[in-house]
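Once you know that position 73 of the sequence shown is 73 in the UniProt record's numbering, the rest is easy, because the numbers rise by one and skip nothing.
Think of the CB as a built atom: it goes at the ideal place given N, C-alpha and C, for glycine as much as any other residue.
Small disclaimer: the values here were computed from a predicted structure and weren't measured.
Note sheet for the following structure.
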Amino acid sequence: MPYQLAYMSTSTPWSRPELLELLRVARAKNRSMDVTGVLLHRQGRFVQLLEGGDEEVRALYATIRADHRHRDVTLIWDDHGDTRWFADWWMAVRDLEEDPVTEPSLTDVLRGPTDASRFSHEVVLQLWTLLRDGLPERPAP
């Protein structure tokens with residue numbers, strides 16, 4: 001059973017090239033650790049789901065918490081799931097700046113306060129379902 005962890009954070013501003021480099025490095029690291037997941041971002045706010053082995057996911061989350069580019073890192077949810085939600089993606093990404101969505105719940109997640117209490121288990125599962133179902137059939141390289 002994979003360990004799944006979701007967090008929310010605020011970051012320093014990113015340029016498009018910086019974000020692409022972050023994704024390249026993160027995907028390579030995730031692949032080496034057998035960690036999959038998705039990153040949702042908009043205007044310096046991030047929500048990310050990490051899934052894989054307990055030790056690997058916890059170590060990756062500790063690295064993120066220590067990263068000076070992230071502030072207000074808040075654990076939203078963690079649990080063991082039956083299967084991985086994003087098994088085909090070392091890190092899927094959804095940029096709501098460039099890819100606006102009509103589903104308000106996706107955008108609203110990044111508007112509210114960094115407060116884990118607003119994320120029930122059901123809300124988190126709905127969010128991952130919306131994200132997964134909106135991804136292309138094949139993962140990006």
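Item: Meets three-Cβ-pair contact criterion under 8 Å: the region 24-41 and the region 64-77; Value: no
Item: Whole-angstrom C-beta distance between residue 84 and residue 51, which should lie under 8 Å; Value: 5 Å
Item: Residue 83, DSSP secondary structure in three states; Value: coil
Item: Spatial neighbours of residue 3 in its chain, beta-carbon cut-off 6 Å, leaving aside the 5 residues before and after; Value: 54, 57 and 80
Item: Between the CA atoms of residue 45 and residue 65 - distance to the nearest angstrom; Value: 14 Å
Item: Range covered by the alpha helix (DSSP H) that runs through residue 94; Value: It is not in any alpha helix (DSSP H) - residue 94 instead sits in the beta strand (DSSP E) that spans 92-95.
Item: Cβ separation of residue 142 and residue 37, assumed to be a contact under 8 Å, to the nearest whole Å; Value: Outside the displayed range of the chain (1 to 141) lies residue 142, so it cannot be described from this structure.
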